[in-house]
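The block underneath contains the structure these notes are about, expressed in structure tokens.
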């Protein structure tokens with residue numbers, strides 16, 4: 149049954165829906181659900197109440213949904229998890245993303261079969277108790293989350309169990325001397341860091357004894373093999389992003405409004421890596437650079453960029469040399485297009501040779 153995108157405000161009574169397996173009620177104006185509404189839905193497996201921003205409470209009677217496997221409460225106004233949630237022993241997918249009013253997820257460890265847990269943009273505070281609860285979810289395979297302050301980030305990074313199943317990580321409003329992302333995050337697909345003050349982002353390893361993350365200074369192998377999207381915005385103090393050299397499957401890179409950034413890949417820091425045969429950005433499809441006043445270098449030699457279709461440069465006045473030659477990027481019908489806004493910038497680009505200049509000015 150689908151009742152999405154409607155103006156129903158109250159779900160009252162106790163309808164007898166003995167064969168119902170899916171109930172979709174997202175993107176509406178729902179405010180209240182009666183305590184016995186789910187009493188006669190023993191086969192319900194999918195319940196989607198997402199994008200009902202005025203829904204502040206889910207009744208404890210949700211415990212009657214003994215067959216429920218998928219529950220989506222994202223983008224709702226819920227303030228607490230219903231007590232009955234702990235009785236949903238078959239639940240494997242729980243989405244709590246963008247529940248800004250949610251104060252706690254205590255008790256979530258009772259959902260023993262949970263495989264997918266989405267927490268990005270949720271309002272609860274991290275503490276050691278929450279980390280320990282999440283670590284007991286032995287079937288957990290996919291985790292998404294957002295972290296705001298150094299102690300919370302250290303708590304999260306020190307957990308091998310949680311870092312190894314994280315697919316989406318957003319770091320916000322962080323002030324730190326630098327962060328070291330554990331190389332155990334081999335399932336991480338989407339990484340966002342925005343409105344932070346940090347001088348560098350490194351790769352790190354988790355020490356088994358102290359559970360602390362220490363930087364790896366001379367890595368030699370690709371890691372973050374699942375990482376496909378990186379978005380960096382308003383990062384003060386950040387000077388380079390050399391760790392991206394190791395994300396060999398990166399498809400989208402967007403860097404904006406970071407006023408100290410000088411290099412995407414720093415030659416000095418990457419020289420030892422180059423000897424290991426790692427070639428950066430081999431899978432990159434889209435590169436977007438905006439408002440980076442000190443950026444001078446993406447990479448010091450031309451790269452093949454065999455998958456690159458979109459390369460946009462806006463308000464990067466000191467970026468004179470591009471890592472392109474006449475063979476770079478996709479050719480033919482869907483060829484690489486170089487996008488820019490300032491005529492003065494394109495006129496000042498120092499091209500590899502005339503063939504490169506001719507090819508890209510014509511695109």
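In this note's numbering, the protein residues as written are 149 to 511. Ideal Cβ placement from N, Cα and C applies to all residues, glycine included.
Would you give the residue range spanned by the alpha helix (DSSP H) that residue 496 belongs to? As a working note, residue 496 is residue 348 in the chain shown. 491-496 is the extent of the alpha helix (DSSP H) around residue 496.
Roughly how many angstroms separate the alpha carbons of residue 256 and residue 239, rounded to a whole number? The sequence position of residue 256 within the chain shown is 108, counting from 1. The sequence position of residue 239 within the chain shown is 91, counting from 1. So the two alpha carbons sit approximately 11 Å from each other.
Collapsed DSSP secondary structure at residue 223 in the structure displayed: For the purposes of this step, residue 223 is taken as residue 75 along the chain shown, with counting starting at 1. Residue 223: coil per DSSP, three-state reduction.
Under three-state DSSP, which class holds residue 300? For the purposes of this step, residue 300 is taken as residue 152 along the chain shown, with counting starting at 1. The three-state reading of DSSP puts residue 300 in helix, counting H, G and I together.
Give me the Cα-Cα distance between residue 291 and residue 443, rounded to the nearest whole angstrom. As a position in the chain shown, residue 291 is number 143, starting the count at 1. As a position in the chain shown, residue 443 is number 295, starting the count at 1. Those two C-alpha atoms are separated by around 34 Å.
Look at the alpha carbon of residue 478 and the alpha carbon of residue 337, and state the distance between them as a whole number of angstroms. As a first step, residue 478 is located in the chain shown; it is residue number 330 there, counting from the start. As a first step, residue 337 is located in the chain shown; it is residue number 189 there, counting from the start. Roughly 24 Å between the two C-alpha positions.
Helix, strand or coil at residue 291 [DSSP, three-state]: As a working mapping, residue 291 is identified with position 143 in the chain shown. In this structure, residue 291 counts as strand in the three-state DSSP scheme.
To the nearest whole angstrom, what separates the beta carbons of residue 434 and residue 458, a pair I think is in contact under 8 Å? Working through the chain shown from its first residue, we reach residue 434 at position 286. Working through the chain shown from its first residue, we reach residue 458 at position 310. That belief holds up - the Cβ atoms of residue 434 and residue 458 are roughly 4 Å apart, short of 8 Å.
Do you know how far the Cα of residue 313 is from the Cα of residue 448? For the purposes of this step, residue 448 is taken as the residue at position 300 of the chain shown. For the purposes of this step, residue 313 is taken as the residue at position 165 of the chain shown. If you take the alpha carbons of residue 448 and residue 313, they lie about 35 Å apart.
If residue 232 and residue 209 are in contact, beta carbons under 8 Å, what's the gap, nearest whole angstrom? One-based indexing of the chain shown puts residue 232 at position 84. One-based indexing of the chain shown puts residue 209 at position 61. Correct: roughly 6 Å between the Cβ atoms.
Look up residue 344 in the DSSP assignment and give the residues it is bridged to. Looking up residue 344 in the chain shown gives position 196. Looking at the DSSP assignment, residue 344 forms a beta bridge with 383.
Using the DSSP secondary-structure output, state which residues sit across from residue 251 in a beta bridge. As a working note, residue 251 is residue 103 in the chain shown. DSSP lists no beta-bridge partner residue for residue 251.
Please determine, among 467, 401, 224, 191, the residue with the shortest C-alpha to C-alpha distance to residue 499. Counting from one through the chain shown, the residue named residue 499 turns up at place 351. Residue 467 holds the alpha-carbon nearest to the alpha-carbon of residue 499 among 467, 401, 224, 191.
Is it true that the CB of residue 370 sits closer than 8 Å to the CB of residue 426? Start at 1 with the first residue of the chain shown, and residue 426 comes out as number 278. Start at 1 with the first residue of the chain shown, and residue 370 comes out as number 222. Going by C-beta atoms, residue 426 is nearer than 8 Å to residue 370.
Do residue 334 and residue 374 have their beta-carbon atoms positioned less than 8 Å apart in this structure? Numbered from its first residue, the chain shown carries residue 374 at position 226. Numbered from its first residue, the chain shown carries residue 334 at position 186. Residue 334 sits close to residue 374, with the two beta carbons spaced by under 8 Å.
Please name the residue in 397, 407, 259 whose C-alpha comes closest to that of residue 382. Reading the chain shown from its first residue, position 234 is the one you call residue 382. Comparing C-alpha distances from residue 382 to each of 397, 407, 259 shows the shortest one belongs to 407.
Determine the burial state of residue 509: buried for a count of at least 16 other Cβ atoms within 10 Å of its Cβ, exposed for fewer. For the purposes of this step, residue 509 is taken as the residue at position 361 of the chain shown. Sixteen is the threshold: since fewer than 16 other Cβ atoms of the shown chains lie within 10 Å of the Cβ of residue 509, the residue is exposed.
Whole beta strand (DSSP E) elements within the stretch 421-490, 3-residue minimum: Taking 3 residues as the minimum length, the beta strand (DSSP E) runs contained wholly in the stretch 421-490 are 434-438, 458-462, 485-488, in order along the chain.
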